[in-house]
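Participant: The numbering used here runs 3 ahead of the 1-based position in the sequence shown.
Just so you know, even glycine gets a beta-carbon here, dropped at the ideal spot from N, CA and C.
Below is the structure I would like to discuss, written out as structure tokens.
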Amino acid sequence: MKSITIKKLIEDVRNKNLRLVVLGSGYVGLPTAALFAETGFKVIAVDPKPEVVKNINNGLSLVNEPGLSELVKRNVEAGRLRATQNTAEALSQADSVIISVQTPIDRNKKPNLSFLMKALEEVGKTMKKGMLVIISSTVPPGTMLEKVKPKLESLSGLKAEADFHLAYVPERMAPGKALKEFVESPRLVGGVGPNSTKIATELFKTVCKTVIETDAATAEIAKLAENTYRDINIAFANQLALICEQHGVDVKEVIKLANTHPRVNIHTPGPGVGGPCLPKDPYLLICGIKPSTGDIVRVARRINDSMPKHIVKLVVEALKAAGKSVERSRIAVLGTAYKGNVGDSRLSPAEPIIGELLSLGAKVVVYDPYCPETFGAKRAANVKHAAEGSDCIVVVTDHSEFKSIDLNELRSFMRDNPVIVDGRRIFEPEKAREAGLRYYGLASVKSGARKNK
Ligand code: SAJ
4 MKSITIKKLI EDVRNKNLRL VVLGSGYVGL PTAALFAETG FKVIAVDPKP
54 EVVKNINNGL SLVNEPGLSE LVKRNVEAGR LRATQNTAEA LSQADSVIIS
104 VQTPIDRNKK PNLSFLMKAL EEVGKTMKKG MLVIISSTVP PGTMLEKVKP
154 KLESLSGLKA EADFHLAYVP ERMAPGKALK EFVESPRLVG GVGPNSTKIA
204 TELFKTVCKT VIETDAATAE IAKLAENTYR DINIAFANQL ALICEQHGVD
254 VKEVIKLANT HPRVNIHTPG PGVGGPCLPK DPYLLICGIK PSTGDIVRVA
304 RRINDSMPKH IVKLVVEALK AAGKSVERSR IAVLGTAYKG NVGDSRLSPA
354 EPIIGELLSL GAKVVVYDPY CPETFGAKRA ANVKHAAEGS DCIVVVTDHS
404 EFKSIDLNEL RSFMRDNPVI VDGRRIFEPE KAREAGLRYY GLASVKSGAR
454 KNK
């Protein structure tokens, strides 16, 4: 009896006969809903925010992601995708539900699973036999077996594996490349049992090029390990930058040389680590474990969180060397996005940098070609307006547009004795100096210092 159900479900997946509901239509949920619709499924995207629902139904995406609005529009027009605020109505039609709600951390760096729990309540209450439930929200280790499975079982009176299927399928899509990465990054599928893994694999194979089968508990830690590894690697690069600064050595050169070793791949130092994942996921990984076990994770977070302050220190130092004080200076910050070429300022290092400069009394103006966020500073319409009358430029984001700035022109808009603090090392120090700017790059060789001397 059981195997017939599974066979039928697999057949339904292959024939795109499964009606999908996606709970949470944000950065992860909306691309998910739109891509499954594109492949031929009927999809309902659910979100509590009326403006999100209205926009999707008008063929628009509020998520600033290349290609997403077009994809949404095409699938809404084709009748394969619609959005609603009414979770119960959507779930009453669902054969499968994908949960992609946010799982943030609170002020004490502890996971807040309330959005996930609320979604599970709704699913559990309305769940039918044969349903496939997928969790795509990033969760702390053990959540699937200790929280999600028992909650769904007790609310529905059904048994996972026998009556319904449940799998953890973490997302791997970086903002700015979400659609491409959804399709091309190998996708981990971890069921709470072999039947669940099998059916969830079939579903994701309809959109993703490569699917890797595992179990739910392993997939949970693998997802967190990826982002924590990257955070620790960047923390090492940032630590190297601080070491190099004390030796008057260029960290960029050091990393370039070290990375010529075939087994070394040090990431890039910068003004801090932002975005929706890296500042949060390491805390999910160490949630609930013995305090002594997660040291490297905590230290890496502390190093990366200290970088905005270091950038402000460089600004103060650079202005002082130019005979100026922060409180009398006009400072132009380039970039509020958390990384280059994205319109996303979530947990951007620009926030603490701007906050600290404002609290020191500086007049701060910001320009970002993609992000409307200013973090309390004044907004400039372009690089020229930002630089006009400024004493200091601070590069926070490595947008391509900033890399092609003409430094001679930039300097001509600024006040006498101008300085530039390059938190991303996007400019050549010598070129900046030739243009008449006092250049302070993160762990660059200071003006006048020479290598091999
Ligand atoms: N950063 C550095 N140095 C580097 C790389 C990044 O300072 O060498 C900074 C960035 O400027 C940014 C932050 O780190 O502020 C995070 O950027 P990112 O590009 O590392 O990560 P995200 O948050 O855009 O996306 C990550 C990716 N994870 C990994 O690469 C392991 C992405 O593949 C995941 O899908 C995404 O997290 C996620 O949703 O989990």
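Tell me which same chain residues have a C-beta within less than 7 angstroms of the C-beta of Gly70, skipping the five on either side of it?
Facilitator: Same-chain partners within the cutoff: Leu182.
Participant: State the start and end residues of the unbroken beta strand (DSSP E) segment that holds Leu288.
Facilitator: It is not in any beta strand (DSSP E) - Leu288 instead sits in the alpha helix (DSSP H) that spans 284-288.
Participant: Answer yes or no: the CB of Val186 versus the heavy atoms of the ligand SAJ, is any distance below 7 angstroms?
Facilitator: The answer is no for Val186.
Participant: Measuring straight from C-alpha to C-alpha, what distance separates Gly379 and Val345?
Facilitator: Looking at the two C-alpha atoms, the distance is approximately 20 angstroms.
Participant: Which residues does DSSP pair with Ala170 in a beta bridge?
Facilitator: DSSP output for Ala170 lists Ile137, Gly194 as bridge partner(s).
Participant: Less than 7 angstroms between the CB of Thr106 and some heavy atom of the ligand SAJ, yes or no?
Facilitator: No.
Participant: Counting C-beta neighbours from all protein chains within 10 Å, is the total for Thr213 16 or more, i.e. buried, or is it exposed?
Facilitator: Classification for Thr213: exposed.
Participant: With H, G and I counted as helix, E and B as strand and the rest as coil, what does DSSP make of Gly280?
Facilitator: Reading off the sequence, residue 280 comes out as Cys, not Gly. Coil, per DSSP.
Participant: Cβ of Pro355 versus every heavy atom of the ligand ADP: is any distance shorter than 7 angstroms?
Facilitator: This structure lacks the ligand ADP; its bound ligands are the ligand SAJ.
Participant: State the start and end residues of the unbroken beta strand (DSSP E) segment that holds Ser159.
Facilitator: Per DSSP, Ser159 belongs to no beta strand (DSSP E); it is in the alpha helix (DSSP H), 152-159.
Participant: As a quick exercise: from Arg266, Ala170, Glu125, pick the residue whose alpha carbon is nearest that of Gly145.
Facilitator: When each option's Cα is compared against that of Gly145, the closest is Ala170.
Participant: Please identify the residue among Glu164, Leu155, Ile237, Ala97 whose C-alpha is closest to the C-alpha of Lys121.
Facilitator: Selected option, being the one with the closest Cα: Leu155.
Participant: How would you call Ile246, buried or exposed, if buried means at least 16 neighbouring beta carbons within 10 angstroms?
Facilitator: Exposed, by the Cβ-count rule.
Participant: Taking the C-alpha atoms as reference points, what is the distance between Glu359 and Leu84?
Facilitator: Approximately 45 angstroms between the Cα atoms of the pair.
Participant: Buried or exposed: which applies to Ala48, given that a residue is buried once 16 or more other Cβ atoms fall within 10 Å of its Cβ?
Facilitator: Burial call: buried.
Participant: Helix, strand or coil: how does DSSP classify Arg441 here?
Facilitator: Of the three classes helix, strand and coil, the one that applies to Arg441 here is strand, per DSSP.
Participant: Kindly indicate which three-state DSSP category Ile108 falls into: helix, strand or coil?
Facilitator: Strand at Ile108.
Participant: Check the DSSP bridge columns for Pro143 and list the partner residues they point to.
Facilitator: Looking at the DSSP assignment, Pro143 forms no beta bridge with any residue, so it has no partner.
Participant: Reducing DSSP to helix, strand and coil, say where Asp218 ends up.
Facilitator: Residue state, collapsed to three classes: strand.
Participant: Classify Leu23 as buried or exposed, calling it buried when 16 or more other Cβ atoms lie within 10 Å of its own Cβ.
Facilitator: Leu23 should be labelled buried.
Participant: Taking the continuous beta strand (DSSP E) assigned at Arg85, which residues delimit it?
Facilitator: Its beta strand (DSSP E) spans residues 84-87.
Participant: For Ile334, which residues does DSSP report across the bridge?
Facilitator: Paired residue(s): Val367, Cys395.
Participant: Tell me whether Arg382 sits in a helix, a strand or coil according to DSSP, three-state version.
Facilitator: Reduced to three states, the DSSP call for Arg382 is strand.
Participant: Report yes if the CB atom of Val126 is closer than 8 angstroms to the CB atom of Leu94, and no otherwise.
Facilitator: Closer than 8 angstroms, so yes.
Participant: Closest to Ile138 by CA distance: which of Pro114, Leu288, Val192 is it?
Facilitator: Measuring from the Cα of Ile138, the nearest candidate turns out to be Val192.
Participant: Give me whichever residues DSSP pairs with Ser2 in a beta bridge.
Facilitator: As displayed, the chain neither begins before 4 nor continues past 456, which places residue 2 out of reach and without an answer.
Participant: Would you call the CB atoms of Ile356 and Val386 closer than 8 angstroms?
Facilitator: Contact flag unset, no.
Participant: Measuring CA to CA, which of Ala225, Val398, Asn58 is closest to Leu413?
Facilitator: It is Val398 whose Cα lies nearest to the Cα of Leu413.
Participant: How would you call Asp371, buried or exposed, if buried means at least 16 neighbouring beta carbons within 10 angstroms?
Facilitator: Asp371 should be labelled buried.
Participant: Grouping DSSP H, G and I as helix and E and B as strand, with all else coil, what is Ile306?
Facilitator: Ile306: helix per DSSP, three-state reduction.
Participant: Which residues in the same chain as Val25 place their Cβ atom closer than 6 angstroms to its Cβ, once the five residues preceding and following it in sequence are excluded?
Facilitator: Gly32, Thr35, Ala36, Ala48, Ile101, listed in sequence order.
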